[in-house]
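Worksheet for the structure shown next.
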Amino acid sequence: MHQLVGRVAEIARLTEFVAEVRAGRGGSLEVWGPPGSGKSALLAHIGASPDLRVLAAAGDDSESDIPGGLLHQLLGPVHRPGEHELTTDPEALAALLTRLAAAVPTLVIVDDVDRADSLSQQVLTDVAALAGSWGIVFAGRRPIGTVSRGLELDRLTDEDSRTLVETVATSDGDTLDQQRRRCRVVEAIVDRAAGNPGVLVLSTRALITPDVLRADSGVDVSRRADSAVAALWLARRHLSPHARHLGLLWSVACDCPGSVPMPAIPESLVDDAALAELVESGLLVETASGVAPVHPLLPAAVLELAPSGDVRRAHAALADTLDSVAADQDLRAAWHRARAATTTDENGATRLERAVTRAGSALTPSDRARALHVAAALSVDAERRSVRWARVAEARLASGDPDGTERAALRVDTDDAPVEARARILLTEGLMAAAGRTPQEGLERPIRAAELIHGANDSLELEALADAAEVSWWSGRVEWIARVAELAADLSDDVASGRPEAGRVTTSHRITVGAVRGCAALFDGDLESAGVHLRVSLDAGTDAVSARDHRMAGQSAMLLGDDVAAFRHLTESVALLRAEGDVFRLCFTLHVLASVQMWRGQATSAAELLAEGAVLARRIGDGRSQAFALTMTAHGDGLRGSADAVREAADAALRLVTGRDVGYIAAAAHWAMGRTDLATGRLASALEILQEVTDPESATTHPPTALFALPDLVEAAVRSGRPDIARTALPRFAAWAAAGSPWAATVLPRLHALTAESESDAERWFREGSTDPDRPFEVARTQLLHGESLRRRRQRVRARVVLQESMATFARLRVTAWEQRAATELSATAERARRGPDAATMLTSQELTVARLVADGASNQQVAEQLYLSRKTVESHLHKVYTKLGIGSRKQLPGVLDGR
């Protein structure tokens with residue numbers, strides 16, 4: 001028996017009921033849910049024991065025509081002629097159970113009550129109303145209605161579903177490739193099972209097998225799953241021919257791509273008596289919106305077992321009826337007509353393909369792939385067949401099925417295929433290569449696609465340009481970015497020339513070309529031109545409607561340094577991709593959005609996005625996103641002050657991308673380590689790392705990341721006593737702000753304050769940098785430095801006010817490292833931070849601050865750097881601390897401070 005997962009509350013309810021029965025306070029309880037929901041498994045948790053008599057029976061369709069059959073099964077173990085007579089009288093049966101309970105607490109369990117004979121059902125229903133010192137539990141598909149307490153088994157959550165699959169599945173030395181495929185199969189099982197435990201168990205046993213997990217597996221996963229779960233609903237169902245025919249019609253209708261209307265089939269095809277029989281059997285259930293199958297997989301399971309000729313005739317009947325109502329505009333009619341075909345049919349294929357195109361994003365990628373697969377198989381025209389298979393590959397990739405993508409792509413002969421088909425295959429291969437951490441191929445394929453399709457299909461050419469642009473700028477390879485910029489120039493020149501084949505300037509064109517030109521200028525060091533082009537892209541982004549356009553506009557905003565616009569566009573892109581079911585593009589977009597949130601200091605939001613993205617990355621084998629996630633995890637750990645965790649995550653990310661031309665990830669990983677050292681007072685290390693990250697000649701440089709890291713470099717340099725380094729870096733950041741970066745404009749005053757020649761200038765700059773409500777993390781950092789400056793100038797009252805605001809913001813954002821630093825600085829003003837236990841009250845504020853930093857592991861030099869003191873002063877404070885607290889070494893400080 002598999003472990004009951006996700007049923008903690010239900011087990012508790014059942015256990016409580018059994019405890020009442022043991023105490024002589026009986027009653028009735030009914031447990032209901034669809035087949036496979038775990039009713040029998042839940043009841044199995046009730047076992048007979050010396051202090052509990054259990055009388056159990058289960059209904060069976062094969063015995064449902066034997067009057068009283070279930071009663072005989074139930075009472076047989078206690079039948080004593082002349083003493084405990086079998087009876088169908090409810091009151092006599094209740095009296096018998098009362099006598100039994102007087103000797104030993106008694107519980108009656110009736111499983112599958114709706115499959116029992118009608119006499120037993122009626123008697124036991126009446127008996128339940130008389131339960132007193134004994135108890136009775138019913139389990140069935142739906143509530144009986146006369147039982148005092150009910151317990152409905154809902155679907156499992158996706159998390160519990162994954163846990164159940166992993167509990168049932170076996171793993172015997174899977175290779176890395178098998179582990180990746182296993183992850184995809186697990187996610188497919190969870191998606192299809194819709195939280196039904198029985199479906200999860202049967203599907204897992206059928207699909208987590210060596211022949212399915214092999215890299216060259218040719219197993220049709222869907223068909224095997226359908227066959228495995230068919231028995232859950234269809235075994236031992238005795239249906240009339242009319243009910244079987246209607247059930248097949250219903251299954252064929254529900255198996256159509258797209259949303260299924262209610263009722264699923266036209267009323268003219270419905271036999272009321274057959275419909276009532278299907279509802280009574282539990283195969284169809286009544287819902288608020290109409291009659292529907294008991295589980296989403298039931299129609300596919302029925303079709304898997306039905307004869308192919310019967311299935312085609314059902315499709316033809318539905319097509320004939322729908323054609324008379326919806327003519328040529330209905331996807332369902334086109335689908336059923338295509339599925340009814342017995343040979344190739346170009347007209348049917350064209351009709352279905354057009355219906356799919358009209359449906360657009362209303363179809364999930366999986367449904368789009370299914371319909372286009374049928375259209376491709378029906379095709380007579382070889383060129384159209386190639387294009388359709390290429391579109392199948394695109395849809396399979398969007399659905400998160402790389403294996404299906406490869407199978408569909410192999411159907412296209414790229415030597416003889418038309419230009420459109422070859423370009424689509426190149427784009428698909430490019431996306432897979434980029435996700436597989438082979439960016440060279442991820443760049444070359446969309447570039448070849450753009451060159452191939454140039455002048456023939458503007459939409460595809462823009463898509464190729466966008467794909468190549470993303471690979472180039474995340475790579476950091478200047479020569480790659482230049483190649484993409486040349487493509488953008490060619491496309492723009494064609495549009496500007498007015499050539500008939502060039503098309504017109506669209507929103508997508510302005511967003512994409514502006515982003516590419518802006519990126520090229522930024523990497524070339526021309527921040528002014530970069531700002532102009534990126535602003536064109538962002539301005540066009542106000543009219544964006546597609547997920548791709550919003551993603552491009554969001555990345556333009558990142559390059560420009562507009563974190564608010566980046567968040568807005570990427571959030572919209574994520575929402576659209578979720579709605580469309582585009583798992584593949586959603587995965588990386590979630591990680592890009594997480595990077596924006598981490599940049600803004602929103603670590604909690606970023607962690608939630610990374611968690612969602614991690615599930616998708618494992619499912620589709622997206623190594624680039626996994627490396628991206630490790631880098632962002634390093635930043636999150638840094639914001640929380642865990643230096644060891646930062647280095648562990650950053651090192652893991654670097655191992656994944658070393659030698660793979662993913663420059664952003666390497667630069668961002670080093671930036672995470674540098675920013676963490678800055679937050680925790682390791683100034684010498686911070687300065688060294690941040691100089692490497694921001695040096696244009698460095699091997700780890702990535703120009704946009706260098707711009708993001710410049711404020712950290714300036715702060716590290718000033719606090720380390722190297723204002724010369726800070727002043728050298730400042731003009732580049734000021735140029736970015738002047739180019740139109742709102743984030744840089746907010747941060748720049750802080751850098752001016754740090755490098756100001758006079759206290760009055762510093763004060764003015766600090767105030768100017770503390771007013772942006774859209775960037776609370778940056779404002780809090782400015783306030784922290786302002787407070788430190790005021791404290792050094794002995795303006796402690798003002799310093800406390802500023803530091804308290806800073807610490808409150810850090811606490812709200814849950815950035816522990818910065819909160820701790822603000823608290824330490826606040827303590828140095830003789831204002832104890834209101835957090836944690838009381839410290840040693842006998843120390844001066846400066847001594848207490850030094851003691852806390854040392855207790856947290858800081859060296860004397862690190863304390864000196866963080867508090868702007870000399871090392872000798874720190875050592876003097878420590879000597880006084882040891883004397884006052886009566887200790888002899890720094891190792892004793894944590895315990896002494898905690899204890900006081």
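This note's numbering applies: residue 1 is where the sequence shown begins, and numbers increase by one. Where is the CB? At the ideal position from N, CA and C, for every residue including glycine.
query, result
"Enclosing beta strand (DSSP E) for residue 58 [first to last residue]", "53-58"
"Start-to-end residues for the alpha helix (DSSP H) that takes in residue 711", "703-719"
"Delimiting residues of the alpha helix (DSSP H) encompassing residue 293", "Premise fails: residue 293 lies in the beta strand (DSSP E), 290-293, not in any alpha helix (DSSP H)."
"Three-way DSSP call (helix, strand, coil) for residue 28 in this model", "strand"
"Which listed residue (743, 819 and 430) has its alpha carbon closest to that of residue 640", "819"
"Stretch pair the region 193-201 + the region 222-232: three plus CB contacts closer than 8 Å", "yes"
"Own chain partners of residue 508 with C-beta closer than 6 Å, once the 5 adjacent residues on each side are dropped", "462 and 549"
"Of the listed residues 761, 812 and 531, nearest to residue 736 (C-alpha basis)", "531"
"Heavy atom of the ligand GTP within 6 Å of residue 649 beta-carbon", "For the structure depicted, the ligand GTP is absent and the ligand set is empty, with no information on it obtainable."
"Nonlocal neighbours in the same chain, by C-beta distance under 7 Å from residue 161, ignoring five residues either side", "190, 193, 195 and 200"
"Run of the alpha helix (DSSP H) containing residue 651, from where it starts to where it stops", "643-657"
"contact_flag[the region 769-781, the region 734-750] where n(CB pairs < 8 Å) is 3 or more", "yes"
"Residue nearest to residue 812 in terms of C-alpha spacing, selected from 702, 780, 104 and 611", "780"
"Residue 121, DSSP secondary structure in three states", "helix"
"Segments assigned beta strand (DSSP E), at least 3 residues, entirely inside the region 851-877", "none"
"Residue range of the alpha helix (DSSP H) that includes residue 977", "Residue 977 falls outside the range modelled here, since the chain spans only 1 to 900, and no answer is possible."
"Meets three-Cβ-pair contact criterion under 8 Å: the region 624-643 and the region 671-685", "yes"
"Same chain, Cβ closer than 7 Å to residue 425, neighbours up to 5 away in sequence not counted", "390, 393, 409, 412 and 414"
"Contact set for residue 607: own chain, Cβ-Cβ below 7 Å, skip 5 residues either direction", "636"
"Spatial neighbours of residue 183 in its chain, beta-carbon cut-off 7 Å, leaving aside the 5 residues before and after", "618 and 619"
"Sheet register partners of residue 186 (DSSP bridge)", "Looking at the DSSP assignment, residue 186 forms no beta bridge with any residue, so it has no partner."
"Three-way DSSP call (helix, strand, coil) for residue 833 in this model", "Residue confidence for residue 833 is low, a pLDDT of 47 falling below 50, so the modelled location carries little weight and cannot support an answer."
"Per-residue DSSP class, three states only, for residue 839", "Residue confidence for residue 839 is low, a pLDDT of 46 falling below 50, so the modelled location carries little weight; the figure read from the coordinates is stated next. Three-state result, residue 839: coil."
"Backbone secondary structure at residue 109 - three-state DSSP", "strand"
"Coil, strand or helix - residue 130 by DSSP", "coil"
"Cα-Cα separation, residue 325 to residue 263", "15 Å"
"As assigned by DSSP and simplified to three states, the class of residue 889", "coil"
"C-alpha gap between residue 874 and residue 708, whole angstroms", "33 Å"
"Test item: CB-CB of residue 540 and residue 529 under 7 Å", "no"
"Nearest residue (CA-CA) to residue 147, options 164, 163, 125 and 157", "125"
"Residues that DSSP places opposite residue 487 in a beta bridge", "Paired residues: none, contrary to the question."
"Alpha-carbon to alpha-carbon, residue 885 and residue 609", "47 Å"
"Rounded separation between residue 27 and residue 76 - CA only", "22 Å"
"Buried versus exposed call for residue 906 [16 or more other C-beta atoms within 10 Å across all chains shown]", "Given that the chain is displayed from residue 1 to residue 900, the structure contains no residue 906 and the question cannot be resolved."
"Residue closest to residue 486, alpha-carbon to alpha-carbon, out of 468, 475, 476 and 474", "468"
"Terminal residues of the beta strand (DSSP E) in which residue 287 lies", "284-287"
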